[in-house]
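>
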Amino acid sequence: MSETAKVSSSFPRGSSGGELSPGTRVMVHGIRSEKDINGKEGTCIEWCPETGRVHVQMDDAMKALRPRNLKVMRAQTEVNEMMDRVLTVFESADSNGDGVLDLNEFERCLEGIGLGKEYVTAFQMAMDKDNDFEIDYTEFTSWALGTNVPGKRTRLDLYWPKKRDVKIEKVDDDDTVPDHDEELTEEDVIRIMKRPLPDDWPTHGIAIMNNARARFPHYPVEGIVWSMKRNEYVGGRVLADIRATGAKEVHPCRTTPLRASEDAFPAIYRNISPEGELMVYELRDDSTFGAMRDRKVPPMGVIPRGEMFTVYEVLRGAEYGFCFGRIKYKGQESPTTWVVLGLLIERGAHWSIPDTARKPSDLTFSDAERMNSLW
Numbered sequence: 056m057s058e059t060a061k062v063s064s065s066f067p068r069g070s071s072g073g074e075l076s077p078g079t080r081v082m083v084h085g086i087r088s089e090k091d092i093n094g095k096e097g098t099c100i101e102w103c104p105e106t107g108r109v110h111v112q113m114d115d116a117m118k119a120l121r122p123r124n125l126k127v128m129r130a131q132t133e134v135n136e137m138m139d140r141v142l143t144v145f146e147s148a149d150s151n152g153d154g155v156l157d158l159n160e161f162e163r164c165l166e167g168i169g170l171g172k173e174y175v176t177a178f179q180m181a182m183d184k185d186n187d188f189e190i191d192y193t194e195f196t197s198w199a200l201g202t203n204v205p206g207k208r209t210r211l212d213l214y215w216p217k218k219r220d221v222k223i224e225k226v227d228d229d230d231t232v233p234d235h236d237e238e239l240t241e242e243d244v245i246r247i248m249k250r251p252l253p254d255d256w257p258t259h260g261i262a263i264m265n266n267a268r269a270r271f272p273h274y275p276v277e278g279i280v281w282s283m284k285r286n287e288y289v290g291g292r293v294l295a296d297i298r299a300t301g302a303k304e305v306h307p308c309r310t311t312p313l314r315a316s317e318d319a320f321p322a323i324y325r326n327i328s329p330e331g332e333l334m335v336y337e338l339r340d341d342s343t344f345g346a347m348r349d350r351k352v353p354p355m356g357v358i359p360r361g362e363m364f365t366v367y368e369v370l371r372g373a374e375y376g377f378c379f380g381r382i383k384y385k386g387q388e389s390p391t392t393w394v395v396l397g398l399l400i401e402r403g404a405h406w407s408i409p410d411t412a413r414k415p416s417d418l419t420f421s422d423a424e425r426m427n428s429l430w
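Structure, rendered in structure tokens:
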């Protein structure tokens, strides 16, 4: 091959359909100019697409030959495997076991590969070399191991492709790590690490873990545990330790739905904010709640003081207890915008009571007064 010739990443196929990749053993045939090399074997070295020839190392010299003059020499194990497949196909079609395929058996054989009766005559003529209107094993084998187009797959591979034994590995859901906005349990941590918790794991350890995951969602659980142990399970030191690694930090505002003993929403509320207007925001992600609370994102609109609006859902922040209401704003077809309702004012009920004991009438906030339910 010349220095300017380039080797293709895909290789041609020889006359028997085998790929002529480097290292493939081949036999030369059909050469007219040097008939003495016909029948000799060699090894493919490289393929030169510019010349359309394969460089083959013979015993005495390197020859540049066309793919059509090269037949891939199959290993004996491969030949035996192909013959076994041919025999399996033939025996499955030979229903009476007499060693030949009559017309009915041949029709069923073709039906098995999706070919109708209109193909029977053409296929039978191609196989039945002695014209006795029956296909014996030798005729079937000769046809099956041949090709429709030189250099392409054998008819055996074309019509009866080899079934591949594919090992399917089951992926257990338990192997997955929950999203950072899903709180872990101690059992989750043990499963993810594939080992027990440290012996000195404290009762508040899982709280530190979830806080760290919320701040550093891409930091590995194993790394958080290591940092916790190294920093004596002091939450602030753990966050500072992880921050020092350069891990990407987010400032989420984790929320949980605020519920009552009865269906509480949708309901009508009135703006009673001491600051006047209620800001209306579009929610981008969980961190937006904190930015809404701290007024670090621009609002898309405002609700004037004293004006009423409908709340369809309320989420309460886990960090400071601020509540956020999902509302419709100015002609929206569905409620997709949010306002900061403020802190829940527990009228006649202690803050520690469970949601199931809280009445809808108790759900008034520092910036929004409940008027009535729409149910």
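Its first residue numbered 56, the sequence shown is counted upward by one per residue in our numbering. Here a beta-carbon is modelled for each residue, glycine too, at the ideal position from N, C-alpha and C.
Tell me, please, whether the stretch 356 to 365 touches the stretch 326 to 343 by the rule of three or more beta-carbon pairs shorter than 8 Å.
Touching, yes, given that three or more Cβ pairs across the two stretches are closer than 8 Å.
> Whether or not the stretch 387 to 397 and the stretch 411 to 430 are in contact is what I'm after, with contact meaning three or more pairs of Cβ atoms, one per stretch, closer than 8 Å; do they touch?
Yes, they touch.
> What's the call for residue 66, buried or exposed, on a 16-neighbour Cβ count within 10 Å?
Mapped onto the sequence shown, residue 66 falls at position 11. Residue 66 comes out buried.
> Please state the DSSP three-state secondary structure of residue 387.
Position 332 of the sequence shown, counted from the start, is the residue given in the question as residue 387. Coil, per DSSP.
> Taking residue 371 as the reference, give the member of 347, 108, 327, 159 with the closest Cα.
Position 316 of the sequence shown holds residue 371. Comparing Cα positions, the closest option is 347.
> Does residue 171 come out as helix, strand or coil in the three-state DSSP assignment?
As a working note, residue 171 is residue 116 in the sequence shown. If DSSP states are grouped into helix, strand and coil, residue 171 belongs with coil.
> Return the CA-CA distance between residue 245 and residue 316, expressed in angstroms with no decimal places.
Translated into the one-based positions of the sequence shown, residue 245 becomes position 190. Translated into the one-based positions of the sequence shown, residue 316 becomes position 261. In a straight line, the C-alpha of residue 245 is about 36 Å away from that of residue 316.
> State buried or exposed for residue 179, treating a residue as buried only when at least 16 other CB atoms are found within 10 Å of its CB.
The residue you call residue 179 lines up with position 124 of the sequence shown. By the 10 Å Cβ count, residue 179 comes out buried.
> Per DSSP, residue 427 is paired with what?
Within the sequence shown, the letter at position 372 stands for residue 427. Bridge partners of residue 427: 323.
> Are the stretch 260 to 276 and the stretch 295 to 309 touching, with three or more C-beta to C-beta distances below 8 Å?
At 8 Å Cβ cutoff, the stretches touch.
> Check whether the stretch 147 to 156 touches the stretch 88 to 103, counting contact only when three or more Cβ pairs, one atom from each stretch, lie closer than 8 Å.
Short answer: they don't touch.
> Starting from residue 377, trace the beta strand (DSSP E) in both directions and tell me its first and last residue.
Counting from 1 along the sequence shown, the entry for residue 377 is found at position 322. Segment 377 to 382, the beta strand (DSSP E) holding residue 377.
> Taking the alpha-carbon positions, what's the residue 161 to residue 73 distance?
Sequence index remark: in the sequence shown, residue 161 carries index 106 (1-based). Sequence index remark: in the sequence shown, residue 73 carries index 18 (1-based). Those two C-alpha atoms are separated by around 28 Å.
> Give me the Cα-Cα distance between residue 214 and residue 194, rounded to the nearest whole angstrom.
Sequence index remark: in the sequence shown, residue 214 carries index 159 (1-based). Sequence index remark: in the sequence shown, residue 194 carries index 139 (1-based). Those two C-alpha atoms are separated by around 16 Å.
> Between which two residues does the beta strand (DSSP E) containing residue 284 stretch?
By one-based count along the sequence shown, residue 284 stands at place 229. No beta strand (DSSP E) holds residue 284; the alpha helix (DSSP H) holding it covers 276 to 285.
> Taking all protein chains shown into account, decide if residue 168 is buried (16 or more other Cβ within 10 angstroms of its Cβ) or exposed.
Here the question's residue 168 lines up with position 113 in the sequence shown. Residue 168 comes out exposed.
> Applying the 10 Å Cβ sphere with the 16-neighbour rule, what's the burial state of residue 303?
Looking up residue 303 in the sequence shown gives position 248. Counting Cβ neighbours within 10 Å, residue 303 comes out exposed, since fewer than 16 surround it.
> If you run the structure through DSSP and keep just helix, strand and coil, what is residue 211?
As a first step, residue 211 must be located in the sequence shown, where it is residue number 156. Helix.
> Ignore the nearest five residues each way along the sequence and tell me which others in residue 265's own chain have a CB closer than 8 Å to its CB.
Taking the sequence shown and counting its residues from 1, one reaches residue 265 at position 210. So the list reads 238, 239, once near-sequence residues are dropped.
> Report yes if the CB atom of residue 118 is closer than 8 Å to the CB atom of residue 127, and no otherwise.
Within the sequence shown, residue 118 is the residue found at index 63, counting from 1. Within the sequence shown, residue 127 is the residue found at index 72, counting from 1. Not a contact, by the Cβ cut-off of 8 Å.
> Do you know offhand how far residue 109's Cα is from residue 78's?
As a working note, residue 109 is residue 54 in the sequence shown. As a working note, residue 78 is residue 23 in the sequence shown. One C-alpha to the other measures close to 12 Å.
> Could you tell me the distance, in whole angstroms, from the CA atom of residue 106 to the CA atom of residue 84?
By 1-based counting over the sequence shown, the position of residue 106 is 51. By 1-based counting over the sequence shown, the position of residue 84 is 29. Whole-angstrom Cα-Cα distance: 19 Å.
> Could you pull out every residue in the same chain whose Cβ sits closer than 6 Å to the Cβ of residue 292, ignoring the five residues on either side in sequence?
Position 237 of the sequence shown, counting from 1, holds the residue named residue 292. 286, listed in sequence order.
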